[in-house]
């Protein structure tokens, strides 16, 4: 290793977004493991590997661009996409008549941490303690909820 990692400051997961017309009546995850179901993902990304491992019978189409992946489900050309949150959640929020979340259960949870160059225990200790304090006082959870739990900030950015 050339770096050490702090304690996690956030937790992430994959999310699923399914087309309402195509996926109507399908139960997650069992009914999605079928050759009649088409998954889409961004080529080379973690969700593609996950889909191949967990849904080996399903059809998998990969694209080079996240926008293409999302559009395939929105247009009804694919049943479901897997992507890192909050992308699926935000797309569902923006298109509730077309897509839905087939599951709210964790799909593939992960942790995020700071990488600190090896040989700098003071920096590692400082950042880990900062994370500990700001987790305990709720600040990190509030920031996460603000940025990923909704879109109150969306009108402040250019499209």
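Numbering (the numbering used here), first residue to last: -5 to 153.
Where is the CB? At the ideal position from N, CA and C, for every residue including glycine.
Tell me where the beta strand (DSSP E) around residue i begins and ends.
i           : result
residue 88  : Per DSSP, residue 88 belongs to no beta strand (DSSP E); it is in the alpha helix (DSSP H), 81 to 88.
residue 111 : 109 to 111
residue -1  : -3 to -1
Please name the residue or residues paired with residue i in a DSSP beta bridge.
i           : result
residue 36  : 57
residue 104 : 6
residue 94  : 12
Tell me where the alpha helix (DSSP H) around residue i begins and ends.
i           : result
residue 145 : Counting along the chain, residue 145 falls outside any alpha helix (DSSP H), and DSSP gives it neither H nor E.
residue 121 : 115 to 130
residue 17  : 14 to 17
Buried or exposed: where does residue i fall if 16 or more other Cβ atoms within 10 Å of its Cβ makes it buried?
i           : result
residue 36  : buried
residue 0   : buried
residue 151 : exposed
residue 87  : exposed
residue 47  : exposed
residue 146 : exposed
residue -5  : exposed
residue 148 : exposed
residue 115 : exposed
Are the beta-carbon atoms of residue i and residue j separated by less than 8 angstroms?
i           : j           : result
residue 58  : residue 77  : no
residue 3   : residue 107 : yes
residue 34  : residue 112 : no
residue 7   : residue 132 : no
residue 74  : residue 10  : yes
residue 45  : residue 52  : yes
residue 142 : residue 102 : no
From the options, pick the residue whose C-alpha is nearest to that of residue i; which is it?
i           : options          : result
residue 14  : -4, 68, 42, 24   : 68
residue 144 : 82, 108, 152, 16 : 82
residue 70  : 51, 32, 141      : 32
residue 19  : 5, 120, 7, 97    : 97
residue 64  : 93, 16, 47       : 93
residue 99  : 30, 90, 21       : 21
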